[in-house]
Amino acid sequence: MKRCGWAEREPLLSYHDEEWGTPLHDDRRLFEFLILEGAQAGLSWETILRKRAAYRKAFDRFDPKKVARYTARDVARLMRDEGIVRNRMKIGAAIDNAKACLVVKKEHGTFDAYVWTFTDPIALSKDLARRGFRFVGPTIVESFMEATGMLDHHEPGCFRRGRAPRA
Numbered sequence: 252m253k254r255c256g257w258a259e260r261e262p263l264l265s266y267h268d269e270e271w272g273t274p275l276h277d278d279r280r281l282f283e284f285l286i287l288e289g290a291q292a293g294l295s296w297e298t299i300l301r302k303r304a305a306y307r308k309a310f311d312r313f314d315p316k317k318v319a320r321y322t323a324r325d326v327a328r329l330m331r332d333e334g335i336v337r338n339r340m341k342i343g344a345a346i347d348n349a350k351a352c353l354v355v356k357k358e359h360g361t362f363d364a365y366v367w368t369f370t371d372p373i374a375l376s377k378d379l380a381r382r383g384f385r386f387v388g389p390t391i392v393e394s395f396m397e398a399t400g401m402l403d404h405h406e407p408g409c410f411r412r413g414r415a416p417r418a
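In terms of the working numbering, the sequence shown opens at residue 252 and continues consecutively.
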């Protein structure tokens, strides 16, 4: 079976075959992917996948309501957590992004309804930044859109290409 060239070994192979590029409409999972894509900046996606279970535990299963209430004490706890990327800017961005996510949900009903109105990563990146989100540059946002099925960037010949139409 032919797949995208980057999915050569675990955990990338299972991630590619079971998740990447599948349209996602769950607010909490969308928030999770946005935070994980930001955490990945400068690192490999394989590193983040291996830390994902620790991230879910450390960040209250990516519940934006809970993460938005994090205090300096929570930041200190996260900075001690060897299971995640201990970068103060990325941790702070996750908290700020949770707050911004809640504002978006008030305005649009769901985070899903908001992000799925975009087809261009540059436009989404700019709008997220305008709304106070951090670690949402065009490359990170394009990766987010690929991961959550908003963009089908499976390579030509990949068995998953075209299988998950934008929904």
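For every residue, glycine included, the Cβ atom is placed at its ideal position computed from N, Cα and C.
Residue j beta carbon less than 8 Å from that of residue i
| i | j | result |
| --- | --- | --- |
| Pro372 | Glu393 | yes |
| Thr399 | Leu275 | yes |
| Leu375 | Ala319 | no |
| Arg279 | Phe310 | no |
| Ala292 | Phe386 | yes |
| Gly289 | Ile391 | yes |
| Tyr321 | Ile346 | yes |
| Pro315 | Phe282 | yes |
| Arg254 | Arg411 | yes |
Span of the alpha helix (DSSP H) around residue i
| i | result |
| --- | --- |
| Asn348 | Arg339 to His359 |
| Arg260 | Arg260 -> no alpha helix (DSSP H), and no H or E assigned at all. |
| Met330 | Ala323 to Arg331 |
| Val318 | Pro315 to Val318 |
| Val366 | Phe362 to Val366 |
Cβ of residue i within 8 Å of any chain D Cβ
| i | result |
| --- | --- |
| Leu264 | Judged by its chain identifiers, the structure shown contains no chain D, having just a single protein chain. |
Checklist entry - With a cut-off of 8 Å, do at least 3 Cβ pairs link the region 363-370 to the region 334-350? => result Using a C-beta cut-off of 8 Å, the region 363-370 makes no contact with the region 334-350, since fewer than three inter-stretch Cβ pairs fall below that distance.
Checklist entry - So does the region 299-307 actually touch the region 322-331, counting three or more Cβ pairs closer than 8 Å? => result Not touching, per the Cβ criterion.
Checklist entry - Which parts of the region 260-296 are runs of the alpha helix (DSSP H), unbroken and 4 residues or longer, counting only runs that do not cross its ends? => result Runs of the alpha helix (DSSP H) inside the region 260-296: 263-269 and 278-291.
Next on the checklist: With three or more C-beta pairs closer than 8 Å as the rule, is the region 382-396 touching the region 258-267?
Outcome noted: No: fewer than three Cβ pairs fall under 8 Å.
Item to check | Ranges of the alpha helix (DSSP H) found wholly within the region 376-405, counting only runs of at least 4 | outcome: Taken in chain order, the complete alpha helix (DSSP H) segments of 4 residues or longer contained in the region 376-405 are 389-398.
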